[in-house]
Amino acid sequence: MPLKVYNSLTRKKEEFTSITPGHVGMYVCGPTVSGESHLGHARPYVTFDILYRYLQHLGYKVRYVRNITDAGHFEEEGREAEDKISKKAVVEKLEPMELVQKYTNLYHWAMHKLGNLDPSIEPTATGHIVEQIVMIEKIIADGYAYVANGSVYFDVEKYNKFFSAKGLPYGMLSGRNLEEMLETTRELENQDEKRNKADFALWKNAPPEHIMRWQSPWGEGFPGWHIECSAMATKYLGEQFDIHGGGMDLQFPHHECEIAQSTVCNHVTPVRYWMHNNMITINGRKMGKSYNNVIKLTELFSGEHPLLAQPFHPMTIRFFILQTHYRSTLDFGNEALQGSEKGLKRLWEAYEQLGKLSSSNEVAADKELDEKVLKLLNEFDEFMNDDLNTAKVLANMFELVPVVNGIKDKHIAADAISSSTLKQLQQKMKLYVEDIFSLKMEKAGGDKLEGIIQLLINIRKEARTKKDFATSDKIRNELAALGVQLKDEKDGNISYTID
RNA sequence: GGUCCUGUGGCCGAGUGGCUAGGCAGAGCUCUGCAAAAGCUUCUACAGCGGUUCGAAUCCGCUCGGGACCUCCA
């Protein structure tokens, strides 16, 4: 069963094939680093990290390009954009690159915490001003853009007229009709330079107070938001590439504009599979700056936010995201996150136990169970191939948890499943838990702490043999107060978990 | 207003015609010095009303509710 993905362009699940056999080019819209990343940002990067890892698992060599938008209108709270023309010393003024650096660092930190792999290339908009200018010149030369007061706008109506005939109308991705849009788009300010309200900026003339500016054939200014992705995707992935990902909210106008720009320049539609993740909501409403309901990732990890009952581990967030299909909305809530926290803990502990099991029996004593385990395992790939249904894979994993725990606790006979089935169980769980889902829980504390806890465990064991429960309870209670839970296993061993 | 999506049990969610998804929470039991963990069992569903069908959470219609995009946005 081959990999199928939902293509926003055709609104259907389609079998995935790459342009160049064995290789995949994937572009994902990265963040605008004018502020801190929030919970909503975690979703696309976790989603496409899973896709990146899964494609590699399928044997593809993937070039994963994810940009950093570091050009545009940047301000810092309490600081005025007029800094640029004020008489203040350079080091007193707002330096946009300083902001960009700060938030880029924070973003990278959060991505690593969430268990995401770094992309193959992480190009910045500011590092590709030249490429963007070249692309804009090309669009002007072809007659699909015009210059007005030092700004350049894309002529959407002309594009639509010409490319509709080729089956590539403007709006093809988001299912919009240009004529209808022109009637319904509301009036916005500063639109007088545009010939048509659907036109969008390729290059913007920078007013004197604008702090980010570059020389261009049209004067000092800065690139329009959409052109960077077209320029960088073309440069690193070619005129046509396999997958373009991003949040659903980018479908229009951002991705629509990308298609238009690239199609004019390269005479081919740029992307074969458009993939969009749905939003994370809070009380049913999209999390976003304009709604004033964001929970930043730093706040989520620290618990310092009025809406948070407690801090949440980055892996809990990752697990929370994977429990839902990426095209459904996911509603934030303390209860839901707490549920994920406990679920992940249970899954992880069973996974750790699984690694310790061994078997030498060739034939399964419980054939039915053996077959059930194999069926559940085989479905992992089936579910992933069906548009990355991580939620179903996790559901199967949870059905395997009682099997693992049962064998450990001897509720299930050690020879119930065959050694080959056990081996498959171990391998496949490792592949999925660690390599594809990347749900690694590091044991906090390290070797020294482990040694100390082990010492206390041994003392407690001795106390319990002597029926000195006062001492044994003291050790357990006081460790619990420090966040270390001891568990007396059936076989007399004592295991522990650290919060 | 236009386009589109959506409404599943206390919470989060999978599921698109027939076979109890799953997690968390709740209840009971087993194990245990006690606890925790684990195991077993168990209670809450498919917004409402019609229709299609042998059969619908799943398809169609209407009603009501929620949301996204149309402006920066993951």
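All the letters of the first sequence, read from the start, carry residue numbers 0 to 498 under numbering that gives the first Met the number 0.
A virtual CB, placed ideally from N, CA and C, is assigned to each residue, including glycine.
Spatial distance of residue i from residue j (CA atoms)
{"i": "residue 212", "j": "residue 158", "result": "28 Å"}
{"i": "residue 226", "j": "residue 483", "result": "52 Å"}
{"i": "residue 235", "j": "residue 434", "result": "26 Å"}
{"i": "residue 305", "j": "residue 281", "result": "13 Å"}
{"i": "residue 127", "j": "residue 230", "result": "8 Å"}
{"i": "residue 364", "j": "residue 468", "result": "40 Å"}
{"i": "residue 173", "j": "residue 494", "result": "54 Å"}
{"i": "residue 203", "j": "residue 163", "result": "27 Å"}
{"i": "residue 400", "j": "residue 352", "result": "10 Å"}
{"i": "residue 58", "j": "residue 216", "result": "45 Å"}
{"i": "residue 424", "j": "residue 165", "result": "51 Å"}
{"i": "residue 287", "j": "residue 153", "result": "28 Å"}
{"i": "residue 104", "j": "residue 117", "result": "13 Å"}
{"i": "residue 20", "j": "residue 273", "result": "19 Å"}
{"i": "residue 343", "j": "residue 312", "result": "11 Å"}
{"i": "residue 396", "j": "residue 497", "result": "23 Å"}
{"i": "residue 72", "j": "residue 107", "result": "22 Å"}
{"i": "residue 55", "j": "residue 487", "result": "41 Å"}
{"i": "residue 267", "j": "residue 242", "result": "15 Å"}
{"i": "residue 261", "j": "residue 205", "result": "24 Å"}
{"i": "residue 155", "j": "residue 349", "result": "56 Å"}
{"i": "residue 292", "j": "residue 371", "result": "44 Å"}
{"i": "residue 133", "j": "residue 65", "result": "21 Å"}
{"i": "residue 333", "j": "residue 265", "result": "48 Å"}
{"i": "residue 368", "j": "residue 316", "result": "32 Å"}
{"i": "residue 386", "j": "residue 324", "result": "9 Å"}
{"i": "residue 377", "j": "residue 0", "result": "11 Å"}
{"i": "residue 18", "j": "residue 224", "result": "28 Å"}
{"i": "residue 283", "j": "residue 454", "result": "49 Å"}
{"i": "residue 90", "j": "residue 99", "result": "16 Å"}
Residues near residue i in its chain [Cβ-Cβ closer than 6 Å; skip 5 each side]
{"i": "residue 405", "result": "411"}
{"i": "residue 124", "result": "68, 69, 70 and 227"}
{"i": "residue 47", "result": "27 and 244"}
{"i": "residue 168", "result": "159"}
{"i": "residue 31", "result": "68"}
{"i": "residue 466", "result": "none"}
Range covered by the alpha helix (DSSP H) that runs through residue i
{"i": "residue 362", "result": "First-last for residue 362: undefined, no H or E at that position."}
{"i": "residue 476", "result": "468-480"}
{"i": "residue 13", "result": "Premise fails: residue 13 lies in the beta strand (DSSP E), 11-14, not in any alpha helix (DSSP H)."}
{"i": "residue 39", "result": "38-56"}
{"i": "residue 280", "result": "Premise fails: residue 280 lies in the beta strand (DSSP E), 279-281, not in any alpha helix (DSSP H)."}
Cβ shell of residue i (< 8 Å), same chain only, five flanking positions each side left out
{"i": "residue 180", "result": "170 and 197"}
{"i": "residue 383", "result": "2, 53, 389, 392 and 435"}
{"i": "residue 358", "result": "413, 414, 416, 417, 418 and 421"}
{"i": "residue 192", "result": "147, 148, 150 and 152"}
{"i": "residue 470", "result": "458, 459 and 462"}
{"i": "residue 60", "result": "21, 22 and 23"}
N- and C-terminal bounds of the beta strand (DSSP E) containing residue i
{"i": "residue 396", "result": "Per DSSP, residue 396 belongs to no beta strand (DSSP E); it is in the alpha helix (DSSP H), 389-408."}
{"i": "residue 231", "result": "First-last for residue 231: 226-236, but that is the alpha helix (DSSP H), not the beta strand (DSSP E)."}
{"i": "residue 241", "result": "240-246"}
{"i": "residue 484", "result": "483-487"}
{"i": "residue 263", "result": "Premise fails: residue 263 lies in the alpha helix (DSSP H), 255-265, not in any beta strand (DSSP E)."}
{"i": "residue 494", "result": "493-497"}
{"i": "residue 27", "result": "22-27"}
{"i": "residue 151", "result": "150-153"}
{"i": "residue 146", "result": "144-147"}
{"i": "residue 220", "result": "220-222"}
{"i": "residue 274", "result": "270-276"}
{"i": "residue 4", "result": "3-6"}
Residues near residue i in its chain [Cβ-Cβ closer than 7 Å; skip 5 each side]
{"i": "residue 252", "result": "199"}
{"i": "residue 131", "result": "222, 226, 227 and 230"}
{"i": "residue 250", "result": "7, 172, 173 and 275"}
{"i": "residue 95", "result": "73, 210 and 211"}
{"i": "residue 379", "result": "392, 395, 427 and 431"}
{"i": "residue 143", "result": "153, 154, 157, 158 and 263"}
{"i": "residue 309", "result": "302"}
**Prompt:** Which whole runs of the alpha helix (DSSP H) in the segment 156-218 are 4 residues long or more, in chain order?
**Reply:** 177-183
**Asked** Counting only runs that start and end within the segment 58-133, where is the beta strand (DSSP E) found for 3 or more residues in a row?
**Response** 60-65
**Item:** Sequence ranges, alpha helix (DSSP H) only - wholly within the segment 284-369, length at least 4
**Value:** 296-301, 313-321 and 333-355
**Message:** What ranges does the alpha helix (DSSP H) occupy inside the segment 419-471, keeping only unbroken runs of at least 4 residues that lie completely in it?
**Reply:** 445-464
**Message:** When you compare the segment 292-299 with the segment 23-33, are there three or more beta-carbon pairs, one atom per stretch, that lie closer than 8 Å?
**Reply:** no
**Prompt:** Taking three-plus beta-carbon pairs below 8 Å as touching, is the segment 11-25 in contact with the segment 249-267?
**Reply:** no
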